[in-house]
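Each protein sequence line maps, in turn, to chains A and B. Note that my numbering has the first sequence beginning at 1, numbered continuously upward. Note that my numbering has the second sequence beginning at 1001, numbered continuously upward. Just so it is clear, CB atoms sit at the ideal spot from N, CA and C, and this is done for glycine as well.
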Amino acid sequence: MEIVNYFKAQSVEEAYKKLIENPSNLIIGGGAWLRLSSKIVETAIDLEHVGLNKIVETDSSIEFDASVTLRELEKTEALKKLFGGIVNKGVNGIMGVALRNLATVGGSIFGKYSFSDFITPLLAMNTEVELYKAGRMKLEDFLKFKSKEKDILLKLIVQKEEGLGYYYKMKKTGLDFAVINVAVSLSNSKFKIVVGARPSLAAYALKAMEFINNQKQITKEIIEETVSIAVNELKFGTNSKASKEYRIELAKVYIRRGLNEVTNNEN
Amino acid sequence: MKINVLVNGQKKIYDVLPDEYLLDTLRADHLYSIKRGCDNSSCGVCTVLFDGKPVQSCSMLSMKADGHSITTIEGHQDEAKRLSEHFGHQGADQCGYCNSSLALTVHAMKTEIEKPTEEDIKEYLVGNLCRCTGYEAQHRAIKLCLEEEDEK
């Protein structure tokens, strides 16, 4: 990434004004993935001094400001207790501690990275984001949200919902991006199935979720049918990491394992 | 653009470009313990301590260091010497390219985790790649160094 100017905003309002001044102005998160981009940025806007670096825990939720680092997030004890700590597990597998001390919550979500090991487990839980202009919305809605207006992600809100969770990242080497990642959760007798790095951005297997959530009893056959619906409804693709066919086979295995794990843990 | 950085306890003013990375700024200041490896946040040889926490300087814009403290192995000589002796005794050293980043990461781990277990050590150092040793000897050396410090 080529950056012409650098601006340290003192407030969110000031950052937003600068952001809309020029189409090629951009908010810089932790900057951890800047090298992956070949963009030319007129002004990079740094949010360090705008005060978006708090973790606030209430009775019903945990709120992570945009500038909280992934390392700070993964060390949050309250988050480890939710859905078997699947978010911590996902984040813990992202490169090393030194990178996670740089990467921020805001940058990792706003970038909507298809390889994300953070978004997939978050989707399996009850999570929302708050944007400066568009306000608060479900994470799944944000991922599909396309606005002509530029915006700034202010915080991630994780609801303290009781539930069981499963997360698995299939990778070829220790520090590699995911070939595929799968999260499954069970809360209030409702399953969520999320598959990411297909290689496109994480998505729900909605038809499979509808099917399994309408069953009175979860049997081996029901799980097999759910797996089959999920891999047929989701789009898989080929890239340098794996073929479409290989990803489908992997997805079958990990969705099945996830469903078995959360079902067995409930009984 | 001018930035003020406390490097190994010394006040420094650097003139940097908006898209300059900290690795380049520090090496231009003759801090050659910080190595350039993959240049894409994968190998960890460029690790420095940013306000005491390990970060990869190849992926951190120099502008982000403005008003903060940076520590390189030049700022931790005594501790590095103790660890390097254990490295020598355990055969954990070949080319030495990753040693300074490893020593800084071990220092950060000790600050962050009280009495790290073997699992903690492995997990904390996962981002520090070494292409010579196979890690076993390094882990032995780190464990012995930590045990020795505990005894003192």
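Status (buried if at least 16 other CB within 10 Å, exposed otherwise) for residue i
{"i": "residue 56/A", "result": "exposed"}
{"i": "residue 1035/B", "result": "buried"}
{"i": "residue 24/A", "result": "exposed"}
{"i": "residue 140/A", "result": "buried"}
{"i": "residue 100/A", "result": "buried"}
{"i": "residue 1142/B", "result": "buried"}
{"i": "residue 1166/B", "result": "The question about residue 1166/B has no answer here: the residues shown for chain B are numbered 1001 through 1152."}
{"i": "residue 1105/B", "result": "buried"}
{"i": "residue 20/A", "result": "exposed"}
{"i": "residue 1113/B", "result": "exposed"}
{"i": "residue 1149/B", "result": "exposed"}
{"i": "residue 1040/B", "result": "exposed"}
{"i": "residue 238/A", "result": "exposed"}
Start and end residues, alpha helix (DSSP H) containing residue i
{"i": "residue 258/A", "result": "244 to 266"}
{"i": "residue 179/A", "result": "That residue, residue 179/A, is in no alpha helix (DSSP H); it is neither H nor E in DSSP."}
{"i": "residue 1077/B", "result": "1077 to 1090"}
{"i": "residue 1139/B", "result": "1136 to 1151"}
{"i": "residue 1105/B", "result": "1099 to 1112"}
{"i": "residue 1175/B", "result": "Since the first residue shown for chain B is 1001 and the last is 1152, residue 1175/B is missing from the structure and cannot be characterised."}
{"i": "residue 1024/B", "result": "1022 to 1028"}
{"i": "residue 7/A", "result": "Unbroken run through residue 7/A is the beta strand (DSSP E), 2 to 8; no alpha helix (DSSP H)."}
For residue i, the nearest candidate out of the options (CA to CA)
{"i": "residue 104/A", "options": "1091/B, 1060/B, 1039/B, 1110/B", "result": "1060/B"}
{"i": "residue 252/A", "options": "124/A, 263/A, 198/A, 239/A", "result": "198/A"}
{"i": "residue 1054/B", "options": "45/A, 63/A, 249/A, 69/A", "result": "69/A"}
{"i": "residue 1016/B", "options": "1071/B, 1010/B, 1027/B, 1009/B", "result": "1027/B"}
{"i": "residue 954/B", "options": "1151/B, 1031/B, 1063/B, 1118/B", "result": "Shown here, chain B extends from 1001 to 1152; a query on residue 954/B therefore has no answer."}
{"i": "residue 1001/B", "options": "1122/B, 1008/B, 1013/B", "result": "1013/B"}
{"i": "residue 269/A", "options": "13/A, 21/A, 213/A, 107/A", "result": "Residue numbering for chain A in the displayed model covers 1 to 267; residue 269/A lies beyond these limits and cannot be assessed."}
{"i": "residue 224/A", "options": "234/A, 20/A, 135/A, 256/A", "result": "256/A"}
{"i": "residue 1133/B", "options": "1050/B, 1007/B, 1008/B, 1090/B", "result": "1090/B"}
{"i": "residue 191/A", "options": "110/A, 64/A, 48/A, 126/A", "result": "126/A"}
{"i": "residue 27/A", "options": "143/A, 169/A, 47/A", "result": "47/A"}
{"i": "residue 64/A", "options": "93/A, 108/A, 83/A", "result": "108/A"}
{"i": "residue 1122/B", "options": "1139/B, 1115/B, 1108/B", "result": "1139/B"}
{"i": "residue 114/A", "options": "157/A, 182/A, 79/A", "result": "182/A"}
{"i": "residue 155/A", "options": "168/A, 248/A, 137/A, 148/A", "result": "137/A"}
{"i": "residue 250/A", "options": "263/A, 222/A, 170/A", "result": "170/A"}
Distance between beta carbons of residue j and residue i, contact taken as under 8 Å
{"i": "residue 211/A", "j": "residue 226/A", "result": "6 Å"}
{"i": "residue 120/A", "j": "residue 242/A", "result": "Rounded, the Cβ-Cβ distance is 16 Å, inconsistent with contact."}
{"i": "residue 122/A", "j": "residue 151/A", "result": "That belief does not hold up - the Cβ atoms of residue 122/A and residue 151/A are roughly 19 Å apart, past 8 Å."}
{"i": "residue 1022/B", "j": "residue 1057/B", "result": "4 Å"}
{"i": "residue 117/A", "j": "residue 90/A", "result": "4 Å"}
{"i": "residue 7/A", "j": "residue 45/A", "result": "5 Å"}
{"i": "residue 180/A", "j": "residue 230/A", "result": "So it is not a contact: roughly 12 Å between Cβ atoms."}
{"i": "residue 33/A", "j": "residue 111/A", "result": "7 Å"}
{"i": "residue 196/A", "j": "residue 178/A", "result": "7 Å"}
Listed by chain order, chain B residues near residue i by CB distance under 8 Å
{"i": "residue 101/A", "result": "1050, 1053, 1054, 1055"}
Proximal residues of chain A, C-beta to C-beta of residue i below 9 Å
{"i": "residue 1061/B", "result": "3, 6, 28, 31, 34, 44, 46"}
{"i": "residue 1124/B", "result": "96, 97"}
{"i": "residue 1047/B", "result": "96, 98"}
{"i": "residue 1105/B", "result": "96, 97, 98"}
{"i": "residue 1064/B", "result": "28, 30, 31, 46, 48, 102"}
Where residue i meets chain B, residues with beta-carbon distance less than 7 Å
{"i": "residue 90/A", "result": "Chain B residues near residue 90/A: none, gap ~15 Å exceeds 7 Å."}
{"i": "residue 174/A", "result": "1126"}
Proximal residues of chain B, C-beta to C-beta of residue i below 9 Å
{"i": "residue 52/A", "result": "The contacting residues do not exist; residue 52/A stays about 15 Å from chain B at best."}
Continuous beta strand (DSSP E) stretch holding residue i: start and end
{"i": "residue 1054/B", "result": "1053 to 1056"}
{"i": "residue 15/A", "result": "Segment 12 to 21 is the alpha helix (DSSP H) holding residue 15/A; no beta strand (DSSP E) there."}
{"i": "residue 170/A", "result": "164 to 170"}
{"i": "residue 137/A", "result": "135 to 138"}
{"i": "residue 44/A", "result": "40 to 46"}
{"i": "residue 1050/B", "result": "1047 to 1050"}
{"i": "residue 196/A", "result": "190 to 196"}
{"i": "residue 1002/B", "result": "1002 to 1007"}
Chain-ordered chain A contacts of residue i [CB-CB under 7 Å]
{"i": "residue 1018/B", "result": "3, 4, 5, 6, 44"}
{"i": "residue 1041/B", "result": "32, 95, 99"}
Within chain A, partners of residue i - CB distance below 8 Å
{"i": "residue 1044/B", "result": "96, 98"}
Beta carbon proximity, residue i to chain D, threshold 7 Å
{"i": "residue 51/A", "result": "Looking for chain D here will not work: the only protein chains present are A and B."}
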